[in-house]
Every structure is written in C-alpha cells, then in structure tokens.
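A.B. asks: To start, I am sharing the structure in question, which I have written as structure tokens.
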Amino acid sequence: MAKHVHEIRDPIHNFITVDSDERAVIDSPPFQRLRDIHQLALTYLVYPGATHRRFEHSLGVMELAGRVFDVLVRAKRHRAVEDYFPPQDKLAYWRHVVRMGALCHDLGHMPFSHAAEGLMANGYHHENLTVDIIRDESMRSRWEAFPLRADDVAKVAVGPAKWPGGASEFSPWDKLMTDIVTDAFGVDRVDYLLRDSLHAGVAYGRFDHYRLIDTLCVLPSPVDEAPVIGIEAGGIHAAEALQQARYFMFSQLYLHRVRRAYDLHLLDFLSAWLPGGKYSTDITAHLRMTDNEVLAAIHAAAPDSSAAGHEAALRIVERKHFRVLYSRRAEDLRMSLEPERAIYEGAREVFGDAVRLDGYRQETQSIDFAVLRDDGAVVSSLQESEILNRIPGAAAGYVFVVPERKEEARRWLAANHDVILSQPRKETEP
Amino acid sequence: MTNLREGAIIVSLIDALNQRGSFCGETHVQKGAYFLRELAGVPLESPFTLYLYGPYSFRLHELLNELRAEELVKLEPKPMGASWRPGDRYSLLAQAFPTTISKVRPAVEFIAERVAKLGVLELEPLATALYVERTNPGLNAETRARELRAIKTRLDEATAKKAVETVDSWHDQARSAGLPG
Chain F
18 MAKHVHEIRD PIHNFITVDS DERAVIDSPP FQRLRDIHQL ALTYLVYPGA THRRFEHSLG
78 VMELAGRVFD VLVRAKRHRA VEDYFPPQDK LAYWRHVVRM GALCHDLGHM PFSHAAEGLM
138 ANGYHHENLT VDIIRDESMR SRWEAFPLRA DDVAKVAVGP AKWPGGASEF SPWDKLMTDI
198 VTDAFGVDRV DYLLRDSLHA GVAYGRFDHY RLIDTLCVLP SPVDEAPVIG IEAGGIHAAE
258 ALQQARYFMF SQLYLHRVRR AYDLHLLDFL SAWLPGGKYS TDITAHLRMT DNEVLAAIHA
318 AAPDSSAAGH EAALRIVERK HFRVLYSRRA EDLRMSLEPE RAIYEGAREV FGDAVRLDGY
378 RQETQSIDFA VLRDDGAVVS SLQESEILNR IPGAAAGYVF VVPERKEEAR RWLAANHDVI
438 LSQPRKETEP
Chain Y
3 MTNLREGAII VSLIDALNQR GSFCGETHVQ KGAYFLRELA GVPLESPFTL YLYGPYSFRL
63 HELLNELRAE ELVKLEPKPM GASWRPGDRY SLLAQAFPTT ISKVRPAVEF IAERVAKLGV
123 LELEPLATAL YVERTNPGLN AETRARELRA IKTRLDEATA KKAVETVDSW HDQARSAGLP
183 G
C-alpha cells in the first residue's frame with residue numbers, strides 16, 4: 018500500500034514532510050510530550066517571543082537530517098571514503114534511521130532541561146532516558162512498521178559520547194550518521210540557531226544554511242583519513258557564518274545575565290521541590306513530567322511561605338530575580354584567572370548566601386573541519402579561513418546578588434574590586 | 003564549571019610537547035593524556051573510552067574547548083590540521099596551580115619526551131596497546147598483541163608486537179624514573 022505523505026507547516030522550513038510510519042512516531046506519547054517542553058526554559062521571561070517548544074525543534078532537526086543525508090549520498094564521493102558507504106539498496110533504511118534519530122534526539126529532556134541536567138537520579142543524563150524510551154516496548158511496533166532497529170535510531174539520537182554501551186560500539190558509518198545530527202554542521206545546531214533567533218527576535222542566529230548544506234560532503238580527515246563530514250571550499254563562508262552565529266547567540270541570548278539568573282532560581286526550586294531533589298529516571302514518571310507541572314508548582318509555591326522552594330518560586334513569579342553584582346571584564350581577565358570567582362569569594366565573606374557565582378565556558382566549538390579544495394586536496398578549515406580561528410569560544414562569569422542588597426553590594430565592590438583582583442590566587446588541595 | 007586544575011596539567015603537557023617540537027594536534031594531547039594517566043599515574047578525572055582509533059576522552063575534548071574559550075590554549079592552523087599551543091593567559095593558570103604543575107612535571111616530561119615526535123599512526127597503536135594491557139591485566143605480550151590486532155584490524159603482526167613491547171619498555175622506564183608506572 019502506498020504510504021501517505023503528510024505536511025506540517027513550520028516557520029523555519031516552510032513545510033516538513035513525513036510519511037505515515039514517521040507520523041506514527043510523531044504521534045507517540047513520548048514525542049507529543051515535547052509540545053510541553055520549552056526549548057529555552059524560562060528565556061521567555063527575558064525575550065517574550067521565545068516560547069517555542071522542543072516539539073517543533075525536533076521536527077525541524079528531522080527535516081534537515083533528511084536533506085543532509087540526501088546531499089551526502091548524492092555527492093561525488095571521495096575515493097578514500099567510498100568503502101564506508103553501505104550498498105545502494107541499504108541507503109533508504111539509513112535515511113529513515115537518521116531522520117528518526119534526529120526526531121527523537123530530545124525525547125529524554127526533562128522540564129527546563131539544561132538548567133536541571135545535574136538533577137537526574139542514578140547518575141543519569143537525559144540521553145540515557147532518550148535511549149530507554151526509544152528501546153521501550155511501547156515504541157516497538159512503531160519501529161517494526163518501517164522496519165528499523167531501535168538501537169540504530171538510538172545511536173543517531175544520542176551519539177557515541179553518551180551511548181550506554183560505550184563509544185566502541187560505533188562503526189565509522191554509525192559515527193557519520195550521528196554526526197549529521199550533532200557535529201560541526203549538525204542539524205540540531207542549525208535548527209536551534211535559526212529557530213531561537215526567530216522566536217527570540219534576535220538577528221544573530223541567521224546564516225545561509227541552504228548553501229552550507231548544499232556543500233556538505235564526506236571526506237577523509239586531513240589528520241587520520243577517517244571519514245568525516247566536511248565541506249567543499251565554496252561553502253567556507255556559510256560555515257564561517259554558522260560559527261559566528263553560534264558565538265553571537267551564546268553571547269547575546271544563551272548567556273544573557275537575567276536568563277542565567279532564572280536558571281539558578283529554577284535549579285533552587287527543583288532541588289527543593291522534586292522528591293529527593295532529583296528527577297525520576299522511570300519512563301512513566303518522566304512522561305508525566307513537563308514544564309506544565311513544574312510551572313504549576315512554582316505558582317503554587319510562590320505565595321506559600323511553607324511550600325518547598327518558596328523563595329526561589331517567589332523570585333521567579335514576582336521578578337525578584339538575582340541582579341548582577343559583577344560580570345567579567347576583559348581588563349580583569351588580564352590580571353586574574355577567574356575574576357568572577359575572586360570577587361565572589363570576597364563578596365561571600367561579607368554577604369554570605371546573598372551572593373551566587375555562575376559561569377559558563379563553551380565546551381563544543383567546531384572550527385577545525387575538513388575542506389575539499391578545488392584542486393582535490395583535503396585540508397583543515399583553519400588553513401582555508403581567515404575568520405574561524407578568530408572566533409573565540411563563548412565564556413561568561415557572573416556574580417549575582419539578591420536585589421534587596423544590590424546597592425550595598427555594588428558600593429562594596431567599587432571599594433574592593435582592585436584589591437581583590439590584585440591578590441594572588443591560593444592553590445587548594447583537590 | 004571547568005576543572006582548571008586538570009586544565010593546568012593538560013596545558014603543561016601541551017607546553018612540554020611544544021617545547022619538544024611536536025605537531026601537538028588533538029591526537030597528541032589525547033594520547034599523551036592517556037599515557038599520563040595510565041602509565042605515569044597522574045590522576046586525571048577525564049574518563050577515557052575505547053573509540054574508533056583507540057582510547058579517547060570526550061570530556062577532554064570538551065575541556066580543550068573550554069580552555070580555548072578562556073584563552074588558556076590556542077589553535078595554530080597547519081595544512082594537516084591544527085596544533086594546540088599554550089594560550090595568552092597560560093601564565094595565570096600556571097601561577098594559580100604551581101603545586102599541581104610541579105608535582106606532575108616529572109610525569110609530564112617523561113611522557114612528552116616519548117610521544118612528542120610521534121605521528122598519529124604511531125600514537126594510536128601505542129595508546130591502544132596500553133589500553134589492552136590496562137583492561138586485561140595478566141595477559142602475556144603475545145596475547146596482548148593479538149588483542150590489539152582484534153581492535154585495530156589494519157595493524158600487521160609486527161607493528162602490533164612492537165607497540166606492545168614499546169609500552170612494556172616505557173613501563174620499566176617509568177618505574178626506574180620513580181613514577182608509578
């Protein structure tokens with residue numbers, strides 16, 4: 018029987034098309050739950066339009082994953098990587114695997130995910146739950162309809178770093194498939210930059226993703242000839258634009274000081290409200306927990322001084338969030354390794370728990386990738402680009418203070434800033 | 003937050019490799035760190051796992067990016083990839099962790115001396131030979147060479163045997179140098 022093709026409207030990709038088997042996965046309870054998980058947690062309290070959900074983001078990642086797969090298998094293959102491709106009659110299978118892995122990559126996300134990643138029980142991270150859900154009996158009939166092996170889908174969804182069986186279970190082809198979703202040009206990144214940019218109303222996340230995708234190809238790594246996703250030289254500017262977009266979105270949106278303050282309040286609330294301070298890793302409990310339940314609990318706790326997490330809830334609901342006492346400055350970084358930590362430790366002696374330290378350093382930055390030059394040579398992108406190596410990794414460091422003591426703390430900082438930063442840092446035993 | 007103590011050890015390794023004229027790509031840092039941990043007994047927290055080309059640490063890969071974001075390391079473009087170098091703020095890191103760096107210096111120098119000038123194709127079988135030994139204690143050299151070839155199927159017998167023998171000799175040298183080995 019011919020499969021139906023269904024179309025879903027999307028503000029980024031115009032139309033997302035799915036067949037009936039894919040639609041059955043979309044209609045599953047674990048995937049439908051993503052309609053109630055915000056993509057950017059409480060960022061909408063800073064950027065009111067940022068109310069989009071992981072549901073439509075995941076659809077977008079699936080759409081792009083299919084497009085990238087088509088480009089990679091259609092492109093003229095470099096002879097050094099030809100042997101890594103499966104036979105032609107297997108490509109349709111792998112196309113479905115990649116699309117479904119991309120679709121399912123966020124299934125394990127808890128409410129207010131990235132803020133609460135450390136709050137999973139049993140040492141879990143959200144990828145563990147993603148694998149559990151994909152493998153669950155309730156999803157089996159959906160995979161059998163294609164048919165697809167659940168573990169092939171799960172490997173694409175979570176990647177080798179978080180794969181429960183260990184990275185050694187990934188073949189070079191498995192790695193290529195998962196790189197479509199998560200690597201330098203991973204479609205997860207492409208979709209969230211475009212989508213977050215649109216909904217937050219910031220221009221920084223936009224770049225020519227059509228051109229970028231069109232120039233993708235599988236190349237032998239210039240380092241060890243392993244098959245990797247690289248680009249033709251003509252796509253280098255689109256690749257530069259992607260990395261710049263990422264840097265600016267981190268600096269302007271994801272690391273926005275008030276957003277980070279709200280993340281701390283969320284963490285405090287969840288730690289107090291969740292049983293044992295942890296999210297359950299049981300699938301049934303996980304599927305029942307969305308942003309709705311957490312937000313309802315926050316609103317119930319805010320006016321009730323006896324409720325667990327009351328103070329944090331109040332700060333969220335009544336916008337009494339932490340204020341910035343200090344945000345790291347370039348001139349301070351020249352004389353202090355972590356100026357925000359030094360300021361925090363000094364402030365803590367005076368203000369105690371009224372101050373909090375927060376920091377972030379970008380842990381993935383893909384500026385070194387393979388480029389196919391017009392003369393057929395495969396070289397590092399850092400050789401071909403004037404810009405990539407100049408794009409720094411995003412980093413932020415804040416000292417927050419409760420609003421009630423902001424003025425007092427700022428006067429203290431003005432009087433003590435130079436003295437604190439001029440003191441040598443003492444090494445402590447680990 | 004970033005483990006800057008571990009960062010100090012890694013950047014001191016990068017510094018030592020550079021001083022010996024190493025290409026110091028990520029493979030050198032990854033395998034060098036693995037040798038530091040498993041052969042020279044330096045307590046690094048980044049976990050290693052067996053990946054496509056030998057022992058690899060995803061956490062160490064992230065740490066390198068975090069250190070770059072802090073200008074504690076930098077990347078220098080080369081035709082065949084990029085080399086890691088100490089960054090413009092490395093002196094601040096060294097000043098913050100003098101005891102840590104001093105304690106690991108003998109181990110760092112020992113490992114840097116041995117891996118600095120090796121290429122990627124030499125480093126991978128050596129690191130994997132060490133991995134085989136660490137995960138299969140008590141096996142003799144011949145069996146370890148066989149296990150190594152089971153993991154790295156493109157290795158010929160002679161290369162596998164040499165990798166096992168080299169790692170064994172490094173163990174002996176490490177112990178003679180007073181390292182845990």
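If you're matching them up, the sequences are chains F and Y in order.
Numbering (the numbering used here) for the first sequence: 18 to 447.
Numbering (the numbering used here) for the second sequence: 3 to 183.
All residues carry an ideal CB built from backbone N, CA and C; glycine is no exception.
Here the structure is a predicted model, which means the values were calculated and not measured.
Which complete alpha helix (DSSP H) runs does the stretch 71-148 of chain F hold, if anything under 4 residues is left out?
C.D. replies: Within the stretch 71-148 of chain F, the complete alpha helix (DSSP H) runs of at least 4 residues are 71-91 and 108-120.
A.B. asks: Please list the terminal residues of the continuous beta strand (DSSP E) segment that includes F:Ala359.
C.D. replies: Here F:Ala359 belongs to no beta strand (DSSP E); instead the alpha helix (DSSP H) covers Pro356 to Phe368.
A.B. asks: Answer yes or no: do F:Ala262 and F:Gly222 have a C-beta to C-beta separation smaller than 8 angstroms?
C.D. replies: The answer is yes: Cβ separation under 8 angstroms.
A.B. asks: Would you list the residues sitting across from Y:Ser85 in a DSSP beta bridge?
C.D. replies: Answer is Y:Glu78.
A.B. asks: Measure the C-alpha to C-alpha separation of Y:Asn67 and F:Val22 and round it to an integer number of angstroms.
C.D. replies: In a straight line, the C-alpha of Y:Asn67 is about 42 angstroms away from that of F:Val22.
A.B. asks: With a floor of 4 residues, list each alpha helix (DSSP H) that falls wholly inside the stretch 243-302 of chain F, ordered by position along the chain.
C.D. replies: Runs found: 253-266 and 274-290.
A.B. asks: Quick check: what's the CA-CA separation for F:Pro292 versus F:Gly83?
C.D. replies: One C-alpha to the other measures close to 40 angstroms.
A.B. asks: Given that F:Asn406 touches chain Y, what residues does it touch there, using C-beta distances under 7 angstroms?
C.D. replies: Those within 7 angstroms of F:Asn406 in chain Y are Leu77 and Pro79.
A.B. asks: Decide if the stretch 7-25 of chain Y is in contact with the stretch 115-129 of chain Y; the criterion is three or more beta carbon pairs, one per stretch, under 8 angstroms apart.
C.D. replies: Result yes; three or more Cβ-Cβ pairs closer than 8 angstroms.
A.B. asks: What are the residues in the stretch 236-255 of chain F lying within 9 angstroms of chain Y by C-beta distance?
C.D. replies: So the list reads Ser238, Pro239, Val240, Asp241 and Ala243, given in the order they occur along the chain.
A.B. asks: Note down, in chain order, each residue of its chain lying with its Cβ closer than 6 angstroms to the Cβ of F:Ile177, except the 5 sequence neighbours on either side.
C.D. replies: Per the sequence presented here, residue 177 of chain F reads as Pro, with Ile not at that position. Result list for F:Pro177: Ala184 and Phe187, in chain order.
A.B. asks: From this set, F:Ala364, F:Lys443 and F:Trp180, which residue's C-alpha is nearest F:Glu144's C-alpha?
C.D. replies: Answer by Cα proximity: F:Trp180.
A.B. asks: Could you tell me if F:Arg157 is buried or exposed, where buried requires 16 or more neighbouring beta carbons within 10 angstroms of its beta carbon?
C.D. replies: Its Cβ having fewer than 16 others within 10 Å, F:Arg157 is exposed.
A.B. asks: Using a Cβ cut-off of 8 angstroms (strictly closer), state whether Y:Gly27 contacts chain F.
C.D. replies: Yes, Y:Gly27 counts as interfacial toward chain F.
A.B. asks: According to DSSP, simplified to helix, strand and coil, what is Y:Thr4?
C.D. replies: Of the three classes helix, strand and coil, the one that applies to Y:Thr4 here is coil, per DSSP.
A.B. asks: Which runs of the beta strand (DSSP E) spanning at least 3 residues fall entirely within the stretch 66-149 of chain Y, listed in chain order?
C.D. replies: Listed in chain order, the complete beta strand (DSSP E) runs (minimum 3 residues) inside the stretch 66-149 of chain Y are 75-80 and 83-88.
A.B. asks: Do the stretch 263-274 of chain F and the stretch 282-301 of chain F touch if we need at least three Cβ pairs shorter than 8 angstroms?
C.D. replies: Not touching, per the Cβ criterion.
A.B. asks: In whole angstroms, give me the CA-to-CA distance for F:Val90 and F:Val98.
C.D. replies: Rounded to whole angstroms, F:Val90 to F:Val98 spans 12 angstroms at the Cα level.
A.B. asks: Between the alpha carbons of F:Val204 and F:Leu81, how many angstroms are there, rounded?
C.D. replies: Between F:Val204 and F:Leu81, the C-alpha separation is close to 6 angstroms.
A.B. asks: So, helix, strand or coil for Y:Gly27, using DSSP?
C.D. replies: Coil, per DSSP.
A.B. asks: If you check the beta carbons only, do Y:Leu181 and Y:Ala109 fall under 8 angstroms apart?
C.D. replies: Contact: yes.
A.B. asks: Measure how close the beta-carbons of Y:Ala84 and Y:Leu74 come, nearest whole angstrom, since I'm counting them as under 8 angstroms.
C.D. replies: That pair is no contact at about 16 angstroms.
A.B. asks: Could you name the residues of chain F that Y:Glu72 contacts, counting a contact when the two beta carbons are closer than 9 angstroms?
C.D. replies: Residues of chain F passing the Cβ test: Leu350, Leu354, Glu355, Arg378, Gly410 and Ala412.
A.B. asks: According to DSSP, F:Asn31 sits in a beta bridge with which residue or residues?
C.D. replies: Bridge partners of F:Asn31: F:Asp27.
A.B. asks: Starting from Y:Thr51, find everything on chain F with Cβ-Cβ shorter than 9 angstroms and list it in chain order.
C.D. replies: The contacting residues are Pro177, Ala178, Gly183, Ala184 and Ser185.
A.B. asks: From what residue to what residue does the beta strand (DSSP E) around F:Tyr343 run?
C.D. replies: Note, F:Tyr343: beta strand (DSSP E), Arg340 to Ser344.
A.B. asks: Go ahead and label Y:Gln32 buried or exposed: buried means 16 or more other beta carbons lie within 10 angstroms of its beta carbon, across all protein chains shown.
C.D. replies: Under this definition Y:Gln32 is a buried residue.
A.B. asks: Given a limit of 8 angstroms on CB to CB distance, which residues of the stretch 82-102 of chain Y reach chain F?
C.D. replies: Result list: Met82, Gly83, Ala84, Arg91, Leu94, Leu95, Gln97, Ala98, Phe99, Pro100, Thr101 and Thr102.
A.B. asks: Tell me F:Ala412's beta-bridge partners as DSSP assigns them.
C.D. replies: According to DSSP, which records beta bridges pairwise, F:Ala412 is partnered with F:Arg378.
A.B. asks: Please confirm if the stretch 160-171 of chain F is in contact with the stretch 308-328 of chain F, defined as three or more CB-CB distances below 8 angstroms between the two stretches.
C.D. replies: In short, these stretches do not touch, since the Cβ pair count stays below three.
A.B. asks: Please name the residue or residues paired with F:Arg373 in a DSSP beta bridge.
C.D. replies: DSSP, once it has assigned bridges, lists F:Phe417 as partnering F:Arg373.
A.B. asks: Assuming F:Val396 is part of the beta strand (DSSP E), what are its boundary residues?
C.D. replies: Val395 to Ser397 is the span of the beta strand (DSSP E), which, as asked, contains F:Val396.
A.B. asks: Do Y:Glu8 and Y:Glu47 count as a contact pair if the criterion is CB distance below 8 angstroms?
C.D. replies: Yes, these two residues count as a Cβ contact at 8 angstroms.
A.B. asks: Comparing the C-beta of F:Arg442 with each C-beta of chain Y, is any distance below 8 angstroms?
C.D. replies: Closer than 8 angstroms: yes.
A.B. asks: What residues match up with F:Leu350 in a beta bridge as DSSP calls it?
C.D. replies: F:Leu350 is not bridged to any residue.
A.B. asks: Could you check how far apart the C-beta atoms of F:Gly376 and F:Glu357 are, in whole angstroms? I think they sit under 8 angstroms.
C.D. replies: Sure, about 6 angstroms apart at Cβ, within 8 angstroms.
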